[in-house]
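To start, the structure itself, in structure tokens.
There are 2 protein chains.
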Amino acid sequence: MPNEMILQKQKQAAEILQEKNIDMWMTYVRETGNIKDPMMDMIVGTGATWSSAFIITKDGDTTAIIGSLEEANMKTVGTFKNIVPYLKSIKEDLIAAIKKHDPNKIAINFSRNSTLADGLTHGLFLELSDYLKDTPYAERLVSSEEIVAAVRGRKSPAELELMKTAIVETLKIFDEVTEFIEVGKTEKEVAEFVRGLVKERGFGFAWDEEHCPAVFTGPDTAGAHSGPTDKAIQKGHVINMDFGINYKGYCSDLQRTWYVLRDGETEAPNEVQRGFQVIVDSIQMAKDAIKPGKLGWEIDAVARNFIVEKGYEEYPHGLGHQVGRKAHDGGALLGPRWERYGNAPYIPLEVGNVFTIEPRLTIEGFGIATIEEKIVVTENGCEWLSPIQTKIILLKG
Amino acid sequence: MPNEMILQKQKQAAEILQEKNIDMWMTYVRETGNIKDPMMDMIVGTGATWSSAFIITKDGDTTAIIGSLEEANMKTVGTFKNIVPYLKSIKEDLIAAIKKHDPNKIAINFSRNSTLADGLTHGLFLELSDYLKDTPYAERLVSSEEIVAAVRGRKSPAELELMKTAIVETLKIFDEVTEFIEVGKTEKEVAEFVRGLVKERGFGFAWDEEHCPAVFTGPDTAGAHSGPTDKAIQKGHVINMDFGINYKGYCSDLQRTWYVLRDGETEAPNEVQRGFQVIVDSIQMAKDAIKPGKLGWEIDAVARNFIVEKGYEEYPHGLGHQVGRKAHDGGALLGPRWERYGNAPYIPLEVGNVFTIEPRLTIEGFGIATIEEKIVVTENGCEWLSPIQTKIILLKG
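Chains as they are written, first to last, in my numbering: chain A, 88 to 484; chain B, 88 to 484.
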């Protein structure tokens, strides 16, 4: 991430702190090579070895308290105004830096609801609580959940530009897959072809390479979140692929559906067309329902109920998630009110949020129809961020 | 990591649970694409999206409780005997799986001392505590610190083989750097050359690519843990490089020192030779002091005191750390008794531990002399894992 974007994000964070009336936000980490708080890339731009505090205040002051061996690096990185190096223990410098601002609250990165606001490990929480136990500040620690959701969720124009480019590059690869697919090729072969293109072009993967892309052909596939198998593409298969790249730190995440014509067919059979159309329509209906202030579960219900009304089983996941530096990003989720989603379906949508819309349904005997599109929430509704799929892609068998 | 090695590590974990009299070890995670418990690669071998529990008991039973969409993938990965998929909430299945074993203690991954045993985020700790609050098990949660230290620290022969290969490949690259270095080239150019070789050969980086390798030339360098700069190599410079690769999941981590001859010189000046020799001797003395049961701070003190006695400033870091799947691995550390190292310098060394030995000192006016070697602890002492550097590498100016 270019430093300029990090400084912008810090500025945005200070504004959000003012809005939420929280005086200080502290990202507290160590050995980020072993386990890294997801906020580090966005607001720091480098790692840390020893216990380190990265502090942003609501007046925009920024302070990094770090092991002395990392002082020179932190200066070179240049994203923090005040750099406080320590040799033996962070405790004294940490307390001094907090006292200087005497914050009403200190937001730290723990959250039951959002994994992106939950980068503080429990051991580090205990350490921090111990260091602050003789000060008034131990009692002023609060979750940074709302701050993280806003900082990550409200995309700047520069962030949206990167995401659009990521989408364009991803759809080029989908087009190349359309040319590559043929009867007899396996899911693994398609995935390998895609991974080759990603590496050749110097992109990263939006998620774990093992499942990126995920490729499913025909009936009785392994289901979402599985790696591609040795199953071969056959005539009469519905094929889908879930895939995204990481382009300069920002992710895409898209799905498309194909159908392989059987002998004598010039279009997909009725039941395939019908299932596919239900997906297309449910996406459009969800898109039409999105606007700032709506709750994610309300949007999910629009698509979910429509699909069930049409006689299909409901999809066993949320309708859509935010995307950003991570494939699953931000706070609010277009998901059902299931315990596993915590409070994420209850967070109001905000201008600048980027969501996927990705319902799925099974077409018995053929495979799974699923499309994944992307929208950005605007003042009055939302806009497509990706050119949408409206017709199933037909392949000669 | 091949599944075979994961199954071996699970078996070793069960033995360690017996040794420590802890009935159950649970790695509790979610959205590992955003933040990943460092134990996942070693004992699971795939990621997880929704709250998931990976349980190993002291009788060697293994249970994965995961979101239903990841059931097929978990079966394909094949590292857990019992797979329990859930749709809406993990709570009931989690409690049932624990009750079945009625453990005396449940080790979970939090630790003030070891970041590798501290993969449980504070938000997930709160979730887990809440789910278990009406059972006897909330009170039986303990730190997995000792288990993680043993599982990661006691290297199997298969692990040592991979680490040796990583070292051989790393030293080949050091040799190529010796050929590449010349007056006028910058630290950044050397680093770029090295990164090119790593990528060409399909290796990973042992740590953050930005600082891997770290290259320092001449006096007044930025210091350890900094990225390479535009500073150019000059005659009379002492140069050092800190570099490691990731080879099939296992890391190397080595340092070597060069000297660029000035006009008329055929060897390094006395003060350079003297400083370099102090480093060589301190490494040998530390190596001679290592055996099972010794404490890390005792070993650190051997090298540290010797360097100070010889009139140099003490190094502002630990003498050495464990290496494994991470460049900084395991529990015990060859470090001084400074607060920032927690209890790590007080943990007894064990057979199979792999440590770096990496003292440093400044040669005024020339640069920094530092060598990093690797040893493995044996029944009676320790053995070099890397061919050692005993002479400063001379380069024609």
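We treat Cβ as the ideally placed atom computed from N, Cα and C, and that holds for glycine.
Beta carbon proximity, residue i to chain B, threshold 8 Å
i	result
A:Glu445	no
A:Glu214	yes
A:Pro300	no
A:Ile320	no
A:Arg227	no
A:Pro474	no
A:Leu219	no
A:Thr163	yes
A:Thr208	yes
A:Leu174	yes
A:Asp317	no
A:Ser155	yes
A:Asp262	no
A:Leu211	yes
Buried versus exposed call for residue i [16 or more other C-beta atoms within 10 Å across all chains shown]
i	result
B:Asp146	exposed
A:Val255	exposed
B:Ala140	buried
B:Lys98	exposed
B:Ser313	buried
B:Ser243	exposed
B:Val333	It is Asn, not Val, that sits at residue 333 of chain B in the sequence shown. The residue in question, B:Asn333, is buried, as its Cβ has 16 or more Cβ neighbours within 10 Å.
B:Glu426	exposed
B:Asp189	exposed
A:Lys413	buried
A:Asp375	exposed
A:Asn485	The question about residue 485 of chain A has no answer here: the residues shown for chain A are numbered 88 through 484.
B:Lys478	exposed
B:Asp416	buried
A:Leu174	exposed
A:Pro474	exposed
A:Pro300	buried
Euclidean distance between Cα positions of residue i and residue j
i	j	result
B:Glu451	B:Gly323	12 Å
B:Glu437	B:Met161	33 Å
B:Phe167	B:Ser176	20 Å
A:Met250	A:Gly411	7 Å
B:Glu179	B:Ile130	24 Å
A:Phe442	A:Ser369	15 Å
B:Gly283	A:Thr150	35 Å
B:Arg424	B:Trp384	6 Å
A:Phe261	B:Leu228	48 Å
A:Tyr224	A:Phe197	16 Å
A:Ile377	A:His404	19 Å
A:Lys381	A:Asp387	11 Å
A:Phe212	B:Glu226	19 Å
B:Ile182	B:Gly134	22 Å
A:His202	B:Pro172	One point to set straight first is that residue 202 of chain A is Thr, not His, in the sequence displayed. Each residue's alpha carbon lies about 21 Å from the other.
A:Lys187	A:Ala194	16 Å
A:Thr465	A:Ala419	15 Å
A:Ala237	B:Trp294	31 Å
A:Leu406	B:Gly132	28 Å
Contact with chain A by residue i, beta-carbon distance below 8 Å
i	result
B:Glu179	no
B:Phe564	Outside the modelled stretch of chain B, which goes from 88 to 484, sits residue 564 of chain B, for which no answer is possible.
B:His324	no
B:Asn160	yes
B:Gly314	yes
B:Thr202	yes
B:Leu258	no
Contact between the segment 231 to 248 of chain A and the segment 414 to 433 of chain A: three or more CB pairs below 8 Å? yes
Three or more C-beta pairs under 8 Å: does that hold for the segment 103 to 110 of chain B against the segment 389 to 405 of chain A? Verdict: no, contact absent.
Positions along the segment 397 to 430 of chain A whose CB lies within less than 7 Å of some CB in chain B: Pro403, His404, Lys413, Ala414, His415, Trp425, Glu426, Arg427
Near-chain A residues of the segment 272 to 296 of chain B - C-beta to any C-beta below 7 Å: Trp294, Asp295
If we count Cβ pairs, one from each stretch, closer than 8 Å, do we get three or more for the segment 456 to 466 of chain B versus the segment 332 to 345 of chain B? yes
Is the segment 345 to 353 of chain B touching the segment 320 to 337 of chain B in the sense that three or more CB pairs, one from each, lie closer than 8 Å? yes
If you measure beta-carbon to beta-carbon, which residues of the segment 135 to 153 of chain B are closer than 7 Å to chain A? Thr136, Trp137, Ser138
At a cut of 8 Å, does the segment 122 to 129 of chain B reach the segment 257 to 273 of chain B through at least three beta carbon pairs? no
Could you run through the segment 111 to 133 of chain A and flag, in chain order, every residue whose CB is less than 9 Å away from some CB of chain B? Arg117, Glu118, Thr119, Gly120, Asn121, Ile122, Lys123, Asp124, Pro125, Thr133
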